[in-house]
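Visitor: Next up is a structure, given as structure tokens.
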Amino acid sequence: MGASASHGQDNESLMDKLVESGYTLPPQVERAMRLVDRGSYFEEKSDRAYMDLAWRSGSLHLSAPSIYMTALGNLDLHPGLHFLNVGSGSGYLSTIIGLILGYSGVNHGIELNSSNVEFAKARLAKFLSESDAPFERDFCIPQFVQGNIFDLVVPVGDGRTFASLRTVQSERGGDSDPNAISRSTPEQTPTSPGQVIPMTLDSDNENNEEPREQSVPANGLLPDPVPVPPRENRENSDSSEGEDEDAGPPIGSRGSSNDPWIITVEPPPVVETHSSEISSNGLSFVQWPLYDRIYVGAAIQSVTQFLAILRLLKIGGIMIAPVRDKFIKITRKSEDVFDRVNLLSVSFAPLILPEPETRASVGPPPRTEIPTLEELTSRVLRIILRRITLQRHNGVVPTIGRLEEVKLY
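Note that the UniProt record's numbering numbers the sequence shown so that position 330 is 330, with each residue one more than the last.
Encoded structure:
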């Protein structure tokens, strides 16, 4: 990714540039990304909004558009899924995904900074009042919770490292010791389509440095969902400083499948809620829900953090997350088997752990309200009008407006 390759005048031209460069998405996902104007999630109007670059202002942060395209292309999104955005920030990605999930989906975001939550809610209100997108698509409205993800799912240290996690390969190898583990192996290149390349995350560098999100060659996506062209290794940094010297731990080849991990994961946490209907003192407890899809917007730094977030992933679910300096896709195949694929080399700021003395409880999950008769009627009318519009345009959705340069004589 780089400004020279992808720099538009507006959101539509930015998307055109990215698609021309080889970043592709399923049509419905690409349309959703086109319908949400990236520039609306900047505090002030900026040319940087339509560059393939990350942006940061205080605690607010937007990743480069190509990073979001990588995530969206590998999340395998469709209507009705339950989605969690860890570090939901401005609400930009949650809004895009809401246009894909539809009315039957669940769209939750958890964000550490209260100011970011207020910003996201304000931008969501503006989107609902000014954008045509909720009329064109069934929109699953994002719901944002303020809190630290690690106050909800507390990391518990047990001495494990990424290198010590057991794999399916180690289990099939007939190890006599049931606790035998698969050790890290050097990075390899697959020699045949079916070859499995182990993905290793070195445990020796469990530091808490704050890296920067960098642009990397974009040919590391899964070949099936998202083909991406090879590109020059450019910086996509959150600051103007030089590149990070620490390249991070070794990992399998980009786009390669890796020997699945065998991991015992705790169930989702039970949280306190207030309801006078359930008990006399107004207190009750509910289990936090599981999700079909999870996106993590800051770097996971340790196994304990990784396992904590996995508590919220359903069987069959997909999580996209930066783990140290690698952008990886995790698929929960069964209760304790997790497939993993390396997508890209990246550098994100780390997830922030709560201070022990300031650890706080996270409230109950957002309530799913039963739609009113007026809301249900509105949804049906929109569906009918959409059908008429598509029939009149031979199934082609309306063109999105774009800026055009006009020469004055």
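Backbone N, C-alpha and C fix where the C-beta goes; we use that ideal spot for every residue, glycine too.
(1) Helix, strand or coil, according to DSSP, for Val380 in the structure here?
(2) Can you tell me where the beta strand (DSSP E) with Gln9 in it begins and where it stops?
(3) With DSSP run on the structure shown, which of helix, strand or coil describes Lys333?
(4) Which of the three DSSP states, helix, strand or coil, is assigned to Glu232?
(5) Helix or strand or just coil, what does DSSP make of Ile130?
(6) Quick check on the DSSP output: the beta strand (DSSP E) that includes Ala321 runs from which residue to which?
(7) Starting from Leu62 and walking both ways along the beta strand (DSSP E), at which residues does that stretch end?
(8) From the DSSP output, which residues share a beta bridge with residue 410?
(9) Would you list the residues sitting across from Leu84 in a DSSP beta bridge?
(10) Between the region 7 to 27 and the region 37 to 54, are three or more C-beta pairs nearer than 8 Å?
(11) Just to confirm the assignment, what range does the beta strand (DSSP E) spanning Ser57 have?
(12) Assuming Asp292 contacts Phe83 (C-beta within less than 8 Å), just tell me the rounded distance between them.
(13) Smallest Cα separation from Leu313: which of Pro155, Ile328, Pro289 and Gln143?
(14) Could you tell me the boundaries of the alpha helix (DSSP H) in which Gln305 lies?
(15) Give me the Cβ distance between Gly98 and Pro79, rounded to the nearest whole Å; I'm assuming they're in contact under 8 Å.
(16) Would you report the Cα separation of Asn258 and Arg340, rounded to the nearest angstrom?
(17) Is Ser66 closer than 8 Å to Tyr23 when the C-beta atoms are compared?
(18) On the CB-based measure, 16 or more other CB atoms within 10 Å of its CB, does Glu355 come out buried or exposed?
(19) Can you look up Ala163 in the DSSP assignment and give me helix, strand or coil?
(20) Distance check for Arg382 and Leu77, CA to CA, integer angstroms please.
Guide: Checking against the coordinates, here is how it stands:
(1) Locating residue 380 in the sequence shown gives position 380, counting from the first residue. DSSP places Val380 in helix when its eight states are reduced to three.
(2) Residue 9 sits at position 9 when you count from the first residue of the sequence shown. Note, Gln9: premise wrong, no beta strand (DSSP E); not H, not E.
(3) Walking along the sequence shown from the start, residue 333 turns up at place 333. Coil, per DSSP.
(4) Reading the sequence shown from its first residue, position 232 is the one you call residue 232. Per-residue confidence for Glu232 stands at a pLDDT of 40, beneath the threshold of 50, marking its modelled position as unreliable; the derived number appears in the next sentence. Residue state, collapsed to three classes: coil.
(5) Residue 130 sits at position 130 when you count from the first residue of the sequence shown. Per the sequence shown, the amino acid found at residue 130 is Glu instead of Ile. Reduced to three states, the DSSP call for Glu130 is helix.
(6) Within the sequence shown, numbered from 1, the residue matching residue 321 stands at position 321. Its beta strand (DSSP E) spans residues Leu313 to Val323.
(7) Looking up residue 62 in the sequence shown gives position 62. That run of the beta strand (DSSP E) goes Leu60 to Leu62.
(8) This structure cannot speak to residue 410, because the chain is shown only from 1 to 409.
(9) As a first step, residue 84 must be located in the sequence shown, where it is residue number 84. Leu84 pairs with His108 and Ile294.
(10) yes
(11) Taking the first residue of the sequence shown as 1, we reach residue 57 at position 57. Counting along the chain, the beta strand (DSSP E) containing Ser57 begins and ends at Trp55 to Ser57.
(12) Within the sequence shown, numbered from 1, the residue matching residue 292 stands at position 292. Within the sequence shown, numbered from 1, the residue matching residue 83 stands at position 83. About 7 Å; that satisfies the 8 Å criterion.
(13) For the purposes of this step, residue 313 is taken as residue 313 along the sequence shown, with counting starting at 1. Cα-wise, what sits closest to Leu313 is Pro289.
(14) Residue 305 sits at position 305 when you count from the first residue of the sequence shown. Val303 to Leu310 is the extent of the alpha helix (DSSP H) around Gln305.
(15) For this step, residue 98 is matched to residue 98 along the sequence shown. For this step, residue 79 is matched to residue 79 along the sequence shown. Rounded, the Cβ-Cβ distance is 11 Å, inconsistent with contact.
(16) Taking the first residue of the sequence shown as 1, we reach residue 258 at position 258. Taking the first residue of the sequence shown as 1, we reach residue 340 at position 340. Going by the C-alpha atoms only, they are around 6 Å apart.
(17) Locating residue 23 in the sequence shown gives position 23, where the first residue counts as 1. Locating residue 66 in the sequence shown gives position 66, where the first residue counts as 1. Cβ distance < 8 Å, so Tyr23 and Ser66 count as in contact.
(18) Numbered from its first residue, the sequence shown carries residue 355 at position 355. Counting Cβ neighbours within 10 Å, Glu355 comes out exposed, since fewer than 16 surround it.
(19) Residue 163 sits at position 163 when you count from the first residue of the sequence shown. Reduced to three states, the DSSP call for Ala163 is helix.
(20) Here residue 77 is taken as the residue at index 77 of the sequence shown, counted from 1. Here residue 382 is taken as the residue at index 382 of the sequence shown, counted from 1. Using only the alpha carbons, I get a separation of about 22 Å.
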